Every structure is written in structure tokens, then in C-alpha cells.
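Working notes for the structure below.
Quick look at the structure:
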């Protein structure tokens, strides 16, 4: 039929145009841009090797391993519950003073931490495998022979400076370029691109929430709905609907969204204070009770937190912190 012939002729013309354009591109002269790539690769390889030598010379890894067992850090680790309790009290009383840091940290921990950490750790593991393989394939350096003449310390330092100041030869640059090419071949460019994209998205999301507006209001509402739902769901039961627990939970959260989202849209500063004080109250009650349990003041921390006393303590912190910070905001201290 004529429509079929027209379609076939159109396809042939299209393929002919593609072939002619590719032939034209093959015939065009191309400029060798390898110099623009080889110089940065050689510089990066030399920089990494220099940093590795400095790290090995100053025994940075050994010092970091010893730092983890430092008495002060061990003391802080034993008092972790007390420190988190103090942090919660600071959020309850003065959290609105550093709301941008709080919002960015809350957003990252709630949505982006798992994704960013997974992507970055994947790249780190690939880099570690590559460096281990390069170290295993590297030739073993022969020990330097001792000279018969005794050199002074100043002469040794002078010789070392001359070696450092000596410009690398073309052969050395080619060795560094080949080492960098091995690393790039072993790495997955798509994984690296995804990791960079996740980090940039994290930064953009933080900037968007810090800037304010609708994004900040929705983020605050989401966090506040989650915090309130955890406290409300333990107080409610739906007799006869036990087999529909997921649906009743979704209904409770939907009802909270209907209440809290308009609050966040029209009463933004107050909702933000509620969000900050709820997080601070959670830290203060949970870790405070655990610290009291550790020192023997409380028998069962989980039972106390699940009891009405735990809920009253949480509500008291939220109420007092909201009034205190709301008063400060009205007086201009929270701007």
C-alpha cells in the first residue's frame, strides 16, 4: 500500500542521513587533547603518593588508632547517655537559635543518610581494593646502601630537599599517568557519578530547606507528624480492626497531616519550635531515663518510657520548651 511505501522511504532517508553525518564526522580532523588529560592525571597521582608518604612517615594511622582508645574518649563514650540528655535539654530550651543546622541535620538523617552513605562507601571500598592491588603489584624497593662517609644531619636534610625539588622526568610522569589510568579503569564511572549526585542532592536539599518557604514547611510537618504519631498510636486501639492495623495506622497519620500541615503553612515559626522541642524532648526523656537506669536510679528504663509517666515527661518538656522559645521568638531572640 502507498502509506507503507511512504513509511519505508522515510526510514531509508533517515538512515541515509545518519550514515552521511557519521561519515562527515569521520572525515573531520580531530585534535589530540591527551595533554589536557595526562598532566592532571600525573599531578593527581604524584599528589596521592606524596600524601601517602607523609601519612606513613608521621604514622597517622597508628595515631588515629591510639586516639580511639584515649582515656578522654573512653570517658565520653561511657557518658554518652548523659551527653545526649544534655543535647536534648539544649534543643528544648534554645533549639530555635540554630534552626538551620537542626533542619539540615534532621533532613539528612531522615531521608538522605542511608543513600549517601551507601554510595560513598561503595566508592571507598572500590578505591581501597584498587590501592591494595597497586601496593601488591608495586616492586619492592631495595634498601639504600650505607655510605662509607659519615654525613651530618644538615647534609642529609639538604640532600632530601634537593630530591624533593628535583623536577620529575618524562619517564616518571608516564609512570604516574599509567598508575592513574589503572585506578580509573578499576573504578566504575557510573558509581562515582551516582555518589557525587547523591552528595550534591543532599547539599541542595539542605539549602532548599534552610532557605524556607514551602519546602521547609512540608519538611517540618513531616517530621512533626512522625513524632506525634509515635506518641498517639500507643494510646489508641481499634477494636474489631486488629487485622487492618496498617490501614488504621495510615488513617491516624493522615488525620495528623490534615491538622499539622495547615499549622505549618500558616503558623510556620510555632510549628518549627514544636518540631525542635519534640526532638529535644525525645532525646532528654529516652537517654535521661537510660542514664538514670545505668546509675541505679531507675529499675526498668523501657517500662518507664512506655508508662504514662514517660508520656507526661515528654509532654512537659515539649510544652515548657515551646512556651520558652515562643516567648523568646516574640521578644526577638529567635530571629
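In the working numbering, the protein residues as written are 100 to 434.
Built from N, CA and C at the ideal position, the CB exists for glycine as well.
As the structure is a computational prediction, the values presented were derived from the model and not from experiment.
Taking C-beta atoms as the reference points, residue 387 and residue 192 fail to come closer than 8 angstroms. Taken atom to atom, the span from the alpha-carbon of residue 359 to that of residue 413 is near 19 angstroms. DSSP places residue 228 in the helix class (H, G or I) of the three-state scheme. Cβ contact annotation for residue 324 (same chain, cutoff 7 angstroms, sequence separation greater than five): 352, 355, 356 and 359, in chain order. Here residue 407 carries a helix assignment [DSSP, helix/strand/coil]. Around the beta carbon of residue 371, a 10 Å sphere encloses 16 or more other beta carbons of the protein chains shown; the residue is thus reported as buried. Contact check for residue 301 and residue 215: beta-carbon distance about 5 angstroms, within the 8 angstroms limit, so the pair qualifies. With respect to residue 308, residue 322 sits apart: the two C-beta atoms are not nearer than 8 angstroms. Approximately 16 angstroms separates the beta-carbon atoms of residue 380 and residue 333; this is outside 8 angstroms, ruling out the contact. For residue 192, the uninterrupted alpha helix (DSSP H) segment begins and ends at 179-193. In the three-state scheme derived from DSSP, where H, G and I count as helix and E and B as strand, residue 128 is classed as coil.
8 angstroms or more divides the Cβ of residue 384 from the Cβ of residue 190. The beta carbon of residue 139 lies closer than 7 angstroms to none in the same chain, with the five residues before and after it left out.
Counting the other CB atoms within 10 Å of its CB gives residue 217 a total below 16, which places it among the exposed residues.
Residue range 198-206 is occupied by the alpha helix (DSSP H) that includes residue 198. By the beta-carbon neighbour count (other beta carbons within 10 angstroms, threshold 16), residue 273 is exposed. Taking C-beta atoms under 8 angstroms as the contact rule, residue 382 and residue 184 qualify, at a distance of about 7 angstroms. Boundaries cannot be given for residue 398, as no alpha helix (DSSP H) includes it and DSSP labels it neither H nor E. By the Cβ neighbour-count rule, residue 180 is buried, with 16 or more other Cβ atoms within 10 Å of its own.
Sixteen is the threshold: since fewer than 16 other Cβ atoms of the shown chains lie within 10 Å of the Cβ of residue 213, the residue is exposed.
When DSSP states are grouped into helix, strand and coil, residue 336 belongs to the coil group. Distance between residue 362 and residue 407, taken at the CA atoms: about 27 angstroms. If you draw a straight line from the Cα of residue 277 to the Cα of residue 129, it is about 24 angstroms long. The beta carbon of residue 374 is closer than 6 angstroms to those of 319, 322 and 323 in its chain, skipping five residues each way along the sequence. Of all alpha-carbon atoms in 315, 429 and 405, the one lying nearest the alpha-carbon of residue 204 is that of 315. Residue 281 has its alpha-carbon roughly 21 angstroms from the corresponding atom of residue 293.
Only buried fits residue 195, as 16 or more other CB atoms lie within 10 angstroms of its CB. When rounded, the separation of the alpha-carbon atoms in residue 365 and residue 224 is 47 angstroms.
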